[in-house]
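Engineer:
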Amino acid sequence: MCQKSLDMSPFENVLEIILAFDGEGLITYSNAAAREKLGYDQGLEGLFAGTVFPGAFQKEDGGFRALHPFGMETHHMTAYRKNQTCFPADVRVLRQGEADGYICMANDVLEKEFLSHELEQVKQEAQDAMRVKSEFVANVTHELRTPVNGISGQIRELMPLETEKDKLRKLQLIERCCGEMNKIINNILDFSKLEAGKFLLEKTRFSIRNTIDYVMASHKGRITEKGLDFFVTVSPNVPEYVVGDELRIVQVLNNLLSNAQKFTSVGKITLEVIKTAQTGDSQELFFLVSDTGIGIEPKDQEKLFQSFSQVDASTSRKYGGTGLGLSICRQLVELMDGSINVESVKGRGTTFSFSVWVGCDPETEQEEEDSVQPRPLVSVPESAPREEQDASHYGTASNLEALQKNLSKLILSVEMENWEKAEMFMETIRQLTADAPQEVSRAVLRLKMAIQKENYDRIATGMDTLKSLIGGES
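Numbering (our numbering), first residue to last: 997 to 1470.
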């Protein structure tokens, strides 16, 4: 028969009922699903197709007549089992090319509806479990916060009364432990809200420089206690006021700076804020937190932003933490339409960078429009020659000339491994490109990060990229 030329083995274990029949309507093949669901243990070969679908096929002299057209269209039929019970089915019948043979594919509608109902039920149970878990976590964290705050409050009252240095040191340690416990509780609560999709951002007008001053004051003491240098820079092109969620930006910065302080024993920590783009009434702020700490292997960097994940178990034992902080940071940054990234070299330090989009402050914009003289991006004395003033504006002849000179000096400093001077020339280049297009600003940032890490390969790549961008402007 015609069907013998067609290999039916691929159909044997599919979940659909598969039947093949010839031009006379006699079944020549039935797969495992057909044999099981229709109750023919020995197979259906030799039976007329109308035995299974009596409402679809009728015998005629020398063949059969189909009551439904062949093709990819699905038809609702009734399929009969060997014991004459029946079930509704969705059926398609295809002709085997030009051959006088057909393939019938059928799905049990009741089984499909049952599976769909089961899937919906499982989905609902998962949602209910998530809701119960979120409520439980919220209740537990609130209950934990009450005794922790109570202990912390009592300790703060006792500290001014204690005169013995040893006891005072122990009280300070207890207070610090309470603070760390509160951070963990807040992280768990935030993670629960983010996971449940109930986290809302608050948009308020705030001073970004005051915010950075607050963050700096919060971390300066602990960082300098370890003998580390702490540098904070806010680019001149960052506006005084923006509209966004100040609390969440502070939360991300606090987490990154706490990690930097935790994993750095010698060297320095730097925080830098730059405005990298503006579209309409929105602007992108770019934050960099760099350290000279233990660094991270490339293969481990992708684990950092996963929930409850740290580089390895020894990290948690030695340095503490739940593995939630960076996961929460990533989700918060993404809620603010930004992204977060990491660059690190094992043993030489790490740089986290993240961007967020914030709103422009209407009052500041109005003040700038009313101002007769725009504020220069790079501070230049009023008595300076016109050419020197033009150098502060990216793209002018004097600006590009100054960039080329500083790049040459930067290359020389890198070759001589004078990293202090290299960073000085790099800062000048950053100021000269303060109002440059976004791709130039990003190239400058990448080059600056490479210089801070003393990474020769990245410096060479960054130099080439920046030169090509600056050359394209001239």
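Think of the CB as a built atom: it goes at the ideal place given N, C-alpha and C, for glycine as much as any other residue.
Model, not experiment: these values are computed from the prediction.
Just to check my reading of the structure: L1197 and L1331 have Cβ atoms closer than 8 Å, yes? What is that Cβ distance to the nearest angstrom?
Structural biologist: The pair is a contact, with the Cβ atoms about 6 Å apart (cut-off 8 Å).
Engineer: Between which two residues does the alpha helix (DSSP H) harbouring Y1210 extend?
Structural biologist: Segment 1204-1221, the alpha helix (DSSP H) holding Y1210.
Engineer: Can you give me the C-alpha to C-alpha distance between Y1210 and G1467, rounded to a whole angstrom?
Structural biologist: About 40 Å.
Engineer: Could you tell me whether the segment 1257-1270 touches the segment 1205-1222, using the rule of 3 or more Cβ pairs below 8 Å?
Structural biologist: With the cut-off at 8 Å, the segment 1257-1270 and the segment 1205-1222 touch.
Engineer: Answer yes if the segment 1014-1022 comes into contact with the segment 1096-1107, meaning at least three C-beta pairs across the two stretches below 8 Å, and no otherwise.
Structural biologist: Contact between the segment 1096-1107 and the segment 1014-1022 is present, because at least three Cβ pairs lie under 8 Å.
Engineer: Can you say whether T1288 is buried or exposed, counting buried as having 16 or more other CB atoms within 10 angstroms of its CB?
Structural biologist: Result: buried.
Engineer: May I have the straight-line CA-CA distance separating V1354 from E1236, to the nearest angstrom?
Structural biologist: Using only the alpha carbons, I get a separation of about 12 Å.
Engineer: Secondary structure at K1166, three-state DSSP: helix, strand or coil?
Structural biologist: K1166: helix per DSSP, three-state reduction.
Engineer: For my contact list, F1282 and T1272 are in at a C-beta cut-off of 8 Å; report their separation, rounded to the angstrom.
Structural biologist: Indeed they touch by this definition, with Cβ atoms about 4 Å apart.
Engineer: Quick one: using the 10 Å Cβ neighbour count with 16 as the cut-off for buried, is S1112 buried or exposed?
Structural biologist: When all chains shown are included, S1112 counts as exposed.
Engineer: Count the other CB atoms, across all protein chains shown, that sit within 10 Å of the CB of R1165; report buried if there are 16 or more and exposed otherwise.
Structural biologist: Exposed, by the Cβ-count rule.
Engineer: Counting Cβ pairs closer than 8 Å, one from the segment 1445-1459 and one from the segment 1338-1345, do we hit at least three?
Structural biologist: Verdict: yes, contact present.
Engineer: Quick check on the DSSP output: what are the complete alpha helix (DSSP H) runs of length 4 or more inside the segment 1228-1304, in order along the chain?
Structural biologist: Counting only runs of 4 or more, we get 1242-1258, 1294-1297.
Engineer: Tell me, which residues are paired with I1014 by DSSP?
Structural biologist: M1101.
Engineer: Measuring alpha carbon to alpha carbon, tell me which of C1325, L1140, V1285, G1291 ends up nearest Q1302.
Structural biologist: The shortest C-alpha separation from Q1302 is found at C1325.
Engineer: Is the beta carbon of R1077 sitting closer than 8 Å to the one on G1042?
Structural biologist: Taking 8 Å as the Cβ cut-off, R1077 and G1042 do not qualify as a contacting pair.
Engineer: How would you write the range of the alpha helix (DSSP H) that M1445 sits in, first residue to last?
Structural biologist: It spans 1434-1448 - the alpha helix (DSSP H) in which M1445 sits, taken as one unbroken run.
Engineer: Under 8 Å between the Cβ atoms of V1105 and F1049?
Structural biologist: Cβ distance not < 8 Å, so V1105 and F1049 don't count as in contact.
Engineer: For I1151, collect the residues of the same chain with a Cβ closer than 6 Å to its Cβ; drop the 5 residues on either side in sequence, then sort them by chain order.
Structural biologist: Closer than 6 Å at the Cβ level, and outside the excluded window around I1151, lie L1167, I1170, E1171.
Engineer: From the DSSP output, in three-state form, read off Q1080 for me.
Structural biologist: It is coil, neither helix nor strand.
Engineer: Excluding the 5 residues preceding and the 5 following N1502 in the sequence, name in chain order all residues of the same chain whose CB lies nearer than 8 Å to its CB.
Structural biologist: As displayed, the chain neither begins before 997 nor continues past 1470, which places residue 1502 out of reach and without an answer.
Engineer: Answer with buried or exposed for M1068, where buried requires no fewer than 16 other C-beta atoms within 10 angstroms of its C-beta.
Structural biologist: Label assigned to M1068: exposed.
Engineer: At what residues does the alpha helix (DSSP H) containing F1421 begin and finish?
Structural biologist: Per DSSP, F1421 belongs to the alpha helix (DSSP H) from 1415-1428.
Engineer: Could you tell me the boundaries of the beta strand (DSSP E) in which N1337 lies?
Structural biologist: 1335-1341 is the extent of the beta strand (DSSP E) around N1337.
Engineer: Measuring alpha carbon to alpha carbon, tell me which of K1401, R1031, G1059 ends up nearest L1022.
Structural biologist: Selected option, being the one with the closest Cα: G1059.
Engineer: The alpha helix (DSSP H) that contains G1046, what's its start and end?
Structural biologist: That run of the alpha helix (DSSP H) goes 1045-1048.
Engineer: What number of angstroms, rounded off, separates the C-alpha of S1261 from the C-alpha of P1433?
Structural biologist: Between S1261 and P1433, the C-alpha separation is close to 37 Å.
Engineer: Along the chain, where does the beta strand (DSSP E) that runs through R1061 open and close?
Structural biologist: 1059-1062 is the span of the beta strand (DSSP E), which, as asked, contains R1061.
Engineer: Should Q1279 be labelled buried (16 or more other beta-carbon atoms within 10 Å of its own) or exposed?
Structural biologist: Answer is buried; the Cβ neighbour count reaches 16.
Engineer: Going by alpha carbons, who is nearest to L1328 out of F1044, L1267, V1352, E1339?
Structural biologist: Checking every option, the nearest Cα to that of L1328 belongs to V1352.
Engineer: Which partner residues does Q1054 have in the DSSP bridge list?
Structural biologist: Paired residue(s): R1061.
Engineer: Strictly by DSSP, which residues pair up with D1225?
Structural biologist: D1225 pairs with K1264.
Engineer: Would you give the residue range spanned by the alpha helix (DSSP H) that G1321 belongs to?
Structural biologist: Here the alpha helix (DSSP H) through G1321 covers 1321-1331.
Engineer: Buried or exposed, going by whether 16 or more other CB atoms sit within 10 Å of the CB of S1464?
Structural biologist: Under this definition S1464 is an exposed residue.
Engineer: Please tell me whether A1418 and L1406 are closer than 8 Å, where the distance is taken between their beta carbons.
Structural biologist: Yes, these two residues count as a Cβ contact at 8 Å.
Engineer: If I measure Cβ to Cβ from V1010 and keep anything under 7 Å in the same chain, skipping five residues before and after, which residues do I get?
Structural biologist: Here the set comprises N1027, A1029.
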